[in-house]
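One structure is given here, and the rest of the page talks about it.
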Amino acid sequence: MEEKPLIHNMLCVEQVPPPCGLIIFGASGDLAERKLIPSLYHLDIQHLLPERFFLIGTGRSEMTHEAFREKLKVALHKFARAGPIHESIWDEFLQRFYYLKGDYGSLASYTFLADFLKKMDDKYGTNGNRLFYLAVPPNLYGSIIQYLGKSGLAGEKYCPELCMLRDGWCRVIIEKPFGSDLTTARELDQQISRVFSEEQIYRIDHYLGKETVQNILFLRFANTIFEPVWNRNYIDHVQITVAETLGVEHRAGYYEGTGALRDMFQNHMLQLLAFVAMEPPVRFGAQFIRDEKLKVFRSIRDMSTEEIDHSTVRGQYGAGEIDGRKVAAYREEEGIPGDSATETFAALRVFIDNWRWQNVPFYLRSGKRLPKRVTEIAIQFKTVPHLLFEPIRQEDIAPNTLILRIQPDEGISLAFQAKHPGAKLCMQTVEMDFDYESSFGTVPPEAYERLLLDCMVGDQTLFNHRDGVERCWELITPILKRWEELPPETLHFYRSGTLGPAESHLLLERDGRKWRQP
Numbered sequence: 046m047e048e049k050p051l052i053h054n055m056l057c058v059e060q061v062p063p064p065c066g067l068i069i070f071g072a073s074g075d076l077a078e079r080k081l082i083p084s085l086y087h088l089d090i091q092h093l094l095p096e097r098f099f100l101i102g103t104g105r106s107e108m109t110h111e112a113f114r115e116k117l118k119v120a121l122h123k124f125a126r127a128g129p130i131h132e133s134i135w136d137e138f139l140q141r142f143y144y145l146k147g148d149y150g151s152l153a154s155y156t157f158l159a160d161f162l163k164k165m166d167d168k169y170g171t172n173g174n175r176l177f178y179l180a181v182p183p184n185l186y187g188s189i190i191q192y193l194g195k196s197g198l199a200g201e202k203y204c205p206e207l208c209m210l211r212d213g214w215c216r217v218i219i220e221k222p223f224g225s226d227l228t229t230a231r232e233l234d235q236q237i238s239r240v241f242s243e244e245q246i247y248r249i250d251h252y253l254g255k256e257t258v259q260n261i262l263f264l265r266f267a268n269t270i271f272e273p274v275w276n277r278n279y280i281d282h283v284q285i286t287v288a289e290t291l292g293v294e295h296r297a298g299y300y301e302g303t304g305a306l307r308d309m310f311q312n313h314m315l316q317l318l319a320f321v322a323m324e325p326p327v328r329f330g331a332q333f334i335r336d337e338k339l340k341v342f343r344s345i346r347d348m349s350t351e352e353i354d355h356s357t358v359r360g361q362y363g364a365g366e367i368d369g370r371k372v373a374a375y376r377e378e379e380g381i382p383g384d385s386a387t388e389t390f391a392a393l394r395v396f397i398d399n400w401r402w403q404n405v406p407f408y409l410r411s412g413k414r415l416p417k418r419v420t421e422i423a424i425q426f427k428t429v430p431h432l433l434f435e436p437i438r439q440e441d442i443a444p445n446t447l448i449l450r451i452q453p454d455e456g457i458s459l460a461f462q463a464k465h466p467g468a469k470l471c472m473q474t475v476e477m478d479f480d481y482e483s484s485f486g487t488v489p490p491e492a493y494e495r496l497l498l499d500c501m502v503g504d505q506t507l508f509n510h511r512d513g514v515e516r517c518w519e520l521i522t523p524i525l526k527r528w529e530e531l532p533p534e535t536l537h538f539y540r541s542g543t544l545g546p547a548e549s550h551l552l553l554e555r556d557g558r559k560w561r562q563p
């Protein structure tokens, strides 16, 4: 087997968190078992968890500490990406894990949790440093936040009910969705801000923990060859695609009241757009990066009713085939009404009104039951101003395109033209390709590993600020309201296994462009 060359000039900086405890509300749920616990284990075997660390899981189910640990061991067997592990190593890792049954709407449960936390702080020497993770349905956020405040667990603020001010830091992690529209997002923010300061709040979007998303910043700002052409003078347009082969699966109750626009665009899609479009920050720090992202959000052009009708498309999947197997239509899925108007596909054309991006369209699309699972950003450059190689026509030459692959095969590729051996005039598109596994000999870590570590060290760079969340809802809410007003025929159906409704192609074809085939 050929030995891989050593990587030179590798500069690595990582910070091990201070002693702390992690409390997961909803610890017996799917998110904790599939993502959070395996991610903590992977951090532990890399020696990135503090030695003085404990975890408390809470939930409504009755369970002993030992039963909780056994349940998590089963989850590690299924979802840990590390190779074969001795049971003793898992046992040692899980010995710091505990479980408390509780009622999310009862103050008594939180005072009991507070007493137990005091014992854990004393046992593990964590200095009162605590991180609360809300891995629960969004309708429980308000209640949990309220009682964390009433019980004095929110920390860093005086608790008049208990006449106490606790030592150590306290942070709270909130999963999306951050509201369902502009009004509910503001209401949720008001509830949270009564108890926690903005510096304590970590609004998590797992897309921002993916290596290739973070690599957008390094690609742009650690290399001199890209930034000079990263503007309207050289870039023709940008396409952002998030495609899933899965249907609604077991999320019918959630998805029917949400849809693709709320589920993907208000958070993931606009965050990806911001990383591509932002100006260079003053420094690589949370406040500076968030400031530049907010400028992008504020520069995105608001859509009038006419522009919404012209520049947005919504669709819903019908029956079809995925990977050679027949799949049902959305309206035939269990738990979905037969006349549902919820969109499973959405496409938008947006513009950013600033000097860098004026009149450069950003095309965004996301959908379920598409032929391939892929998330990518395609930056297409303008064609050459004059083609020398007659009789080859300019329209026959594919433009240079930079592809940022977020998942599943994380990497970056650049397509350009080269002469093919043979005839005097023989041109072919070729690609320079970088992918993580072949270059570094390892697959990228799970996004939650990065995000959990950043929460513990207090780095908010990859988390959403309330101003950014609110501005994104300001952009999305008018589209949602307009779609609710439109007649049923404006919901375009597409066959499962295809690239979405044909009407979505008109967004680009009217501009003389076409969707890139991932």
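Residue 46 is where the sequence shown starts when you use this note's numbering, and the numbers rise one by one after that. We put the beta carbon where it would ideally sit given N, CA and C, even for glycine.
Given residue i as reference, the closest of the options once Cα atoms are compared
i	options	result
SER196	PRO182, GLY330, VAL240, VAL514	VAL240
ARG450	PRO489, VAL429, PRO466, ILE442	PRO489
LEU227	GLY302, ILE521, TYR300, LEU536	ILE521
ARG307	GLU378, TYR408, THR389, ASN278	THR389
VAL321	ASP347, ALA230, ALA423, GLU294	ALA423
MET108	TYR408, GLU421, LEU145	LEU145
ALA288	GLN245, ILE367, LYS340	ILE367
GLY200	GLY369, TYR186, ILE246	ILE246
TYR186	GLY304, SER133, GLU96, GLY150	GLY150
VAL341	ILE353, ASN174, VAL405, ALA319	ALA319
ASP75	PHE177, PRO182, CYS65, GLN60	PRO182
SER84	ARG105, PRO63, SER106, HIS122	HIS122
GLN60	CYS500, THR229, TYR539, LEU525	CYS500
SER106	GLU96, LYS116, SER73	SER73
Cβ distance (whole Å) where residue i is taken to contact residue j below 8 Å
i	j	result
GLY224	TRP528	About 17 Å; that fails the 8 Å criterion.
ALA180	ALA77	5 Å
LEU251	TYR493	One detail in the question is off: residue 251 reads as His in this sequence, not Leu. About 6 Å; that satisfies the 8 Å criterion.
ALA391	ARG414	Rounded, the Cβ-Cβ distance is 13 Å, inconsistent with contact.
THR428	ILE448	Not quite, the Cβ-Cβ distance comes to about 17 Å (not below 8 Å), so this is no contact.
ARG79	PHE124	5 Å
LEU552	ARG394	5 Å
GLN505	ALA331	4 Å
GLU491	ARG248	Actually they do not touch by this definition, with Cβ atoms about 19 Å apart.
LEU536	ALA374	The Cβ separation is near 13 Å, so there is no contact.
Distance, residue j Cα to residue i Cα
i	j	result
PHE99	LEU497	14 Å
ALA243	GLY557	It is worth fixing the name first, because residue 243 is Glu in this sequence and not Ala. Taking the straight line from one Cα to the other gives about 45 Å.
ALA120	PHE138	13 Å
THR350	LEU162	53 Å
ARG370	GLY542	10 Å
ASN184	ASN404	40 Å
TYR155	ARG114	22 Å
PRO326	GLN316	16 Å
ILE52	PHE479	Bear in mind that a pLDDT of 43 at ILE52, under 50, signals an unreliable position, so the number given afterwards is only what the model happens to contain. Each residue's alpha carbon lies about 14 Å from the other.
VAL293	MET314	19 Å
THR257	ALA267	14 Å
ILE457	ARG216	35 Å
ILE218	GLU554	42 Å
CYS65	LEU88	14 Å
ASP234	ARG540	39 Å
PRO62	TYR169	14 Å
Exposed unless 16 or more other CB atoms sit within 10 angstroms - verdict on residue i
i	result
PRO546	buried
LYS338	buried
VAL514	buried
ILE295	What sits at residue 295 in the sequence shown is His, not Ile. So HIS295 ends up on the exposed side.
ARG410	buried
ARG335	buried
PHE310	buried
GLN361	buried
THR269	exposed
PHE70	buried
HIS92	exposed
ALA305	buried
Any chain B beta carbon closer than 7 Å to residue i
i	result
THR290	Considering every chain present, this structure includes no chain B. It has just one protein chain.
| query | Along the chain, which unbroken stretches of the alpha helix (DSSP H) at least 4 residues long are found entirely within the stretch 272-321? | reply | 297-301
| message | Runs of 4 residues minimum, wholly inside the stretch 469-526: which ones carry the alpha helix (DSSP H) assignment? | response | 481-485, 492-502
| If you scan the stretch 51-128 from start to end, which runs of the beta strand (DSSP E) of 3 or more residues do you find wholly inside it? | 65-70, 98-104
| field | beta strand (DSSP E) runs wholly inside the stretch 331-407, at least 3 long, in chain order | value | 357-367, 370-372, 390-395
| task | Only counting runs of 4 or more residues, tell me where the alpha helix (DSSP H) segments fall wholly within the stretch 169-255, in order along the chain. | result | 186-195, 227-238
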